[in-house]
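Just so you know, we're using the UniProt record's numbering here: the sequence shown kicks off at 23 and counts up by one.
In this text, a Cβ means the ideal position worked out from N, Cα and C, and glycines have one as well.
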Amino acid sequence: GKAASTPAKAYAKVGIEREYSTSTPCFANDKPKHYGKKEGAPCRNVRVPEEYGFKPGMLPGFENVAREHGLKTYKDVYRFSLEHNDLFWESCAKMLNWKEPFHTVQDCDLKKGKVGWFLGGKLNVSENCLDRHVAEDPNKIALLWEKDEPGTVQISYGQLLEWTCKMANTLKQARVQKGDCVCVYLPTSPMAVASMLACARIGAIHTVVFAGFSSESLRDRIQNCKAKVVITANEMIRGGKSIPLKQLVDDAVKDCPTVKTVFVEQRTKKEGRYAKHDVALTDALDAASAECAPEVLDSEDPLFVLYTSGSTGKPKGVLHTQAGYLLYAALTQKVVFNLKPGEVFGCLADIGWITGHSYVVYAPLANGITTVLFESTPNYPSPSRYWSTVERLKINHLYISPTALRSLLRHGKSHVKNHDLSSLRTLGLVGEPVNHEAWEWYYDVIGQRRCPVVDTWWQTETGGISIAPLPGDSADPIYPGMAMRPFFGIEPVVKNSEAFADHGSDQAGVLYVARPWPGMLRGIYGDEERFVETYLSEKPGCYTTGDGCVETADGYFKITGRVDDVINVSGHRLGTAEVENAIDSHGKVAESAVVSFPHLVKGEGLAAFVVLTDDYEADEHLVKDLKGLIKHSIASYAIPEEIVIVPHLPKTRSGKIMRRLLKLIAQNKNEDFGDTSTLQDPDILKPIIDAWSKTT
Ligand code: WT7
């Protein structure tokens, strides 16, 4: 198996040179006992620089309330935000431009799946992101597009508004109406941003599909949201490699009768085939008017649907609406990053994920700053790509994933040394638990110990950052690898095996959020029941996160990873059931079980245990075929590290697969099996262990 039993061995396996080391190597699945102020804790606590200390002025609209009530510190405001929840959010909502004021701050009943914010209010999201800044200065830079071929294109707020209006008129021409879905299958690029904002301008719902997803994944999403239009490019270039987007769309829309028009951007010179419903995007935009009055929308009109993996085989369409989402994204960015006017925000995520929606597009544009569109990969053309980008674009806030950091730190400091990183002010992390080594490397080597590291916990469903080190008081130290403090209005609670733990009781358990907040999902698109069932029924009245967590005695939160069958490979969320479905679709496969194990770069790696049908013997093609199937039905990142053919799976007498045992086998922890008395047959494990030990 791949997972070596000792850290040193594991490092040797993935070839990480340990030029940089901390006292104790910590891994993504570290036991929480390594954290906090406990005696012998290996981590140091880092003081937040004075300039970062939370000030109520960071909450635009709330300053007066804070003054009136004498609220000064994070803790004061946090308590107030829970005790006077409506007043808190009502004041903060002043940071948006409203066409009509709301009459009700919130009308929620989580037990029933009812979530409504800022009712009666009317606004337009694209106007909040564009027009109000253009009115001040149309030449202010909105986007810095760092293309795959190193080099940057600058786009001003004025230009982005023009493109957005042209795109909005183009969509109207294609008969897209308020409430219709538009699928965006594009690389991280200005055209993708204009497409999203164009939907927002006319009240259409966008569904951005990550351009690394296969045509089958794309098809499923288009079918689920019944998209009328797809916006794509002829091809996309990422890490120097071409991905034939248009061809993938052609394969997908064959089975999507709702799609009436496919707009094709010419991202490269390569010519392609055009079908009857295809329209060259540049021609359409050239012909379109550059003026489009923003539609006046209700706070709770849908803004977008974004598909994400759950514990079942089918990804779910997470629905976000207008006002609450935009306010929450913008406010969290402003506060957590201590944002200042004129800054450059470098969230290097793809727009196909929620991180890209919230912190590449909506929050930075609502806040009127400059945002980076990063089309490439951390390693292309060399492992210094991030650092040269920071230097050239003078990025002030970098926001990346622990996976990217881990893959870069193994190449050593030499790739960082020759770059001027003095523009950096905050170092953000998102997407998965971070290990100590990566955290410390970020803080020391990248930030030169000047910049606070903010490890932000949130989810597609939460809309924006929900737990993060800032807005702590400047006297509040940051501990490596801890998401730290809840954002205002967020009430996290930890439930151990029996009950909800008291705050500050230093307990491990499952993380819930005990009240609604403006950025939370409004539902699963087209499946009202699944919303309540998935998120709101485990503990009625509470939102279920699916994450494990520890709340320390000081009230700091440490997220330990998923507790359900959702895994996190390279910061990408994936359901083991999705991978199993793909494997099981092979004619020779009887059944399979996919489990994860700690992986030094990816965070989690996948191991697939596959049982073949009786009349079939494994040959050298089989594993290759299975990998191909997974790539075609999901995406390349879903391909397991190891696919092992086994004679059977370990099952209980009632026929349930004992994944716990497979997980241990995949980590070579055969001595930790514990109680196996519920197994159908205790001898069943040996052949599985043998098969695993033959893997490389
Ligand atoms: C899952 C959500 C949030 C945008 C990107 C991922 C994990 C996220 C952290 C963090 C530990 C984290 C959780 C969560 N996660 N951030 N700072 N520390 N784990 O969004 O695809 O919806 O995935 O990512 O397990 O549930 P997503």
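Residue 157: first and last residue of the uninterrupted alpha helix (DSSP H) it sits in: Position 135 of the sequence shown, counted from the first residue, corresponds to residue 157. It spans 154-158 - the alpha helix (DSSP H) in which residue 157 sits, taken as one unbroken run.
Coarse secondary structure for residue 538, derived from DSSP in three states: The residue given as residue 538 occupies position 516 in the sequence shown. Three-state DSSP puts residue 538 in coil, outside helix and strand.
Counting Cβ pairs closer than 8 Å, one from the region 357-364 and one from the region 477-495, do we hit at least three? With a cut-off of 8 Å, the region 477-495 and the region 357-364 count as touching, because enough Cβ pairs lie within range.
Quick one: residues in its chain with C-beta nearer than 7 Å to the C-beta of residue 248, no 5 flanking neighbours on either side, listed in chain order? If you number the sequence shown from 1, residue 248 lands on position 226. Cβ neighbours of residue 248 beyond the five flanking positions: 203, 280.
Is the beta carbon of residue 100 closer than 8 Å to that of residue 396? Taking the first residue of the sequence shown as position 1, residue 396 is located at position 374. Taking the first residue of the sequence shown as position 1, residue 100 is located at position 78. No, these two residues do not count as a Cβ contact at 8 Å.
For ligand 1, any of its heavy atoms closer than 7 Å to the Cβ of residue 481? The sequence position of residue 481 within the sequence shown is 459, counting from 1. Correct: residue 481 has its Cβ closer than 7 Å to ligand 1.
Helix, strand or coil at residue 403 according to DSSP, with G and I counted as helix: Within the sequence shown, numbered from 1, the residue matching residue 403 stands at position 381. Correct three-state label for residue 403: coil.
Could you give the distance in angstroms between the alpha-carbon of residue 184 and the alpha-carbon of residue 213? As a first step, residue 184 is located in the sequence shown; it is residue number 162 there, counting from the start. As a first step, residue 213 is located in the sequence shown; it is residue number 191 there, counting from the start. C-alpha separation (whole angstroms): 12 Å.
Euclidean distance between Cα positions of residue 167 and residue 410: Along the sequence shown, read from residue 1 onward, the residue named residue 167 stands at position 145. Along the sequence shown, read from residue 1 onward, the residue named residue 410 stands at position 388. Cα-Cα distance, rounded: 14 Å.
Determine the direct distance from the alpha carbon of residue 386 to that of residue 346, and round the result to whole angstroms. In the sequence shown, counting from the first residue as 1, residue 346 sits at position 324. In the sequence shown, counting from the first residue as 1, residue 386 sits at position 364. Linking residue 346 to residue 386 through their CA atoms gives a straight-line distance of about 16 Å.
Cβ-based neighbour list, residue 571, same chain, cut-off 8 Å, excluding 5 preceding and 5 following: Locating residue 571 in the sequence shown gives position 549, where the first residue counts as 1. Closer than 8 Å at Cβ, skipping near neighbours: 514, 516, 530, 531, 532, 533, 579, 580, 581, 582.
If residue 449 sits next to residue 469, beta carbons under 8 Å apart, how far is it from one beta carbon to the other, in whole angstroms? Within the sequence shown, numbered from 1, the residue matching residue 449 stands at position 427. Within the sequence shown, numbered from 1, the residue matching residue 469 stands at position 447. Confirmed, Cβ separation roughly 5 Å.
Using alpha carbons as the reference points, say which of 383, 369, 362, 668 lies closest to residue 348. Counted from its first residue, the sequence shown places residue 348 at position 326. Answer by Cα proximity: 383.
Over the uninterrupted alpha helix (DSSP H) stretch that includes residue 213, give me the two end residues. Counting from one through the sequence shown, the residue named residue 213 turns up at place 191. Annotation for residue 213: the continuous alpha helix (DSSP H) segment containing it runs 212-224.
Does the Cβ of residue 452 lie closer than 7 Å to at least one heavy atom of ligand 1? Numbered from its first residue, the sequence shown carries residue 452 at position 430. Yes, since a heavy atom of ligand 1 falls inside the 7 Å radius drawn around the Cβ of residue 452.
Please go through the same chain and pick out, in chain order, the residues whose beta-carbon is closer than 8 Å to the beta-carbon of residue 236, but skip the five residues on each side of it. As a first step, residue 236 must be located in the sequence shown, where it is residue number 214. Cβ within range, chain order: 270, 653, 654, 655, 656, 657.
Report back the beta-carbon spacing between residue 135 and residue 558 to the nearest angstrom; my notes put them in contact at under 8 Å. Along the sequence shown, read from residue 1 onward, the residue named residue 135 stands at position 113. Along the sequence shown, read from residue 1 onward, the residue named residue 558 stands at position 536. Sure, about 6 Å apart at Cβ, within 8 Å.
Quick one: residues in its chain with C-beta nearer than 6 Å to the C-beta of residue 60, no 5 flanking neighbours on either side, listed in chain order? Here residue 60 is taken as the residue at index 38 of the sequence shown, counted from 1. Low local confidence applies: a pLDDT of 37 at residue 60 is under 50, so the model's placement there is unreliable, with the coordinate-based value given in what follows. Cβ within range, chain order: n/a, list empty.
Within its chain, find whatever has a CB closer than 8 Å to the CB of residue 277; leave out the 5 residues flanking it on each side and keep chain order. Stepping through the sequence shown from its first residue, residue 277 is reached at position 255. Cβ-Cβ distances below 8 Å link residue 277 to 241, 245 in the same chain, with the five nearest sequence neighbours on each side left out; the list follows chain order.
Is the distance from the Cβ of residue 598 to the Cβ of residue 528 below 8 Å? The residue given as residue 598 occupies position 576 in the sequence shown. The residue given as residue 528 occupies position 506 in the sequence shown. Residue 598 places its beta carbon 8 Å or farther from that of residue 528.
With contact counted as at least three CB pairs below 8 Å, one residue from each stretch, are the region 457-468 and the region 82-91 in contact? No: fewer than three Cβ pairs fall under 8 Å.
What does residue 421 pair with, by DSSP beta-bridge criteria? Here residue 421 refers to the residue found at position 399 when the sequence shown is read from its first residue. Under DSSP, residue 421 shares a beta bridge with 369, 450.
According to DSSP, residues forming a beta bridge with residue 804: Lying outside 23 to 718, the shown extent of the chain, residue 804 is not represented and no answer is given.
Less than 8 Å between the C-beta atoms of residue 554 and residue 659, yes or no? Counted from its first residue, the sequence shown places residue 554 at position 532. Counted from its first residue, the sequence shown places residue 659 at position 637. Residue 659 sits away from residue 554, with the two beta carbons spaced by 8 Å or more.
Nearer than 7 Å: is that true of the beta carbon of residue 590 relative to any heavy atom of ligand 1? Here the question's residue 590 lines up with position 568 in the sequence shown. Residue 590 Cβ: within cutoff of ligand 1.
What residues are listed by DSSP as bridge partners for residue 228? Counted from its first residue, the sequence shown places residue 228 at position 206. Per DSSP, the beta bridge partners of residue 228 are 204, 326.
Does the pairing of the region 292-299 with the region 177-192 give three or more beta-carbon distances under 8 Å? Between the region 292-299 and the region 177-192, the count of C-beta pairs closer than 8 Å stays below three; the two stretches do not touch.
At which residue ranges does the region 477-547 contain complete beta strand (DSSP E) runs of 3 or more residues, listed in the order of the chain? The region 477-547 is shown to contain whole beta strand (DSSP E) runs of 3 or more residues at 514-517, 529-535, in chain order.
Determine, using beta-carbon pairs with one atom in the region 152-171 and one in the region 121-130, whether at least three such pairs fall under 8 Å. The answer is no - the region 121-130 does not touch the region 152-171, with fewer than three Cβ pairs under 8 Å.
From the DSSP output, read off the bridge partner residues of residue 584. On the sequence shown, position 562 is the one that residue 584 refers to. Answer is 569.
Using three-state DSSP, classify residue 123 as helix, strand or coil. Position 101 of the sequence shown holds residue 123. It is coil, neither helix nor strand.
Applying the 10 Å Cβ sphere with the 16-neighbour rule, what's the burial state of residue 700? Working through the sequence shown from its first residue, we reach residue 700 at position 678. That one is exposed.
Less than 8 Å between the C-beta atoms of residue 147 and residue 222, yes or no? Translated into positions along the sequence shown, residue 147 becomes position 125. Translated into positions along the sequence shown, residue 222 becomes position 200. For residue 147 and residue 222, yes; Cβs fall inside 8 Å.
By the 10 Å Cβ neighbour count, where 16 or more other Cβ atoms means buried, how is residue 603 classified, buried or exposed? Residue mapping note: residue 603 aligns to position 581 of the sequence shown, counting from 1. Residue burial annotation: residue 603 is buried, with at least 16 other C-beta atoms found within 10 angstroms of its C-beta.
I need the DSSP call for residue 714, collapsed to helix, strand or coil. Taking the sequence shown and counting its residues from 1, one reaches residue 714 at position 692. Residue 714: helix per DSSP, three-state reduction.
If we ignore side chains and look at the alpha-carbon of each, how far apart do residue 182 and residue 716 end up? Here residue 182 is taken as the residue at index 160 of the sequence shown, counted from 1. Here residue 716 is taken as the residue at index 694 of the sequence shown, counted from 1. Here the C-alpha atom of residue 182 lies approximately 56 Å from the C-alpha atom of residue 716.
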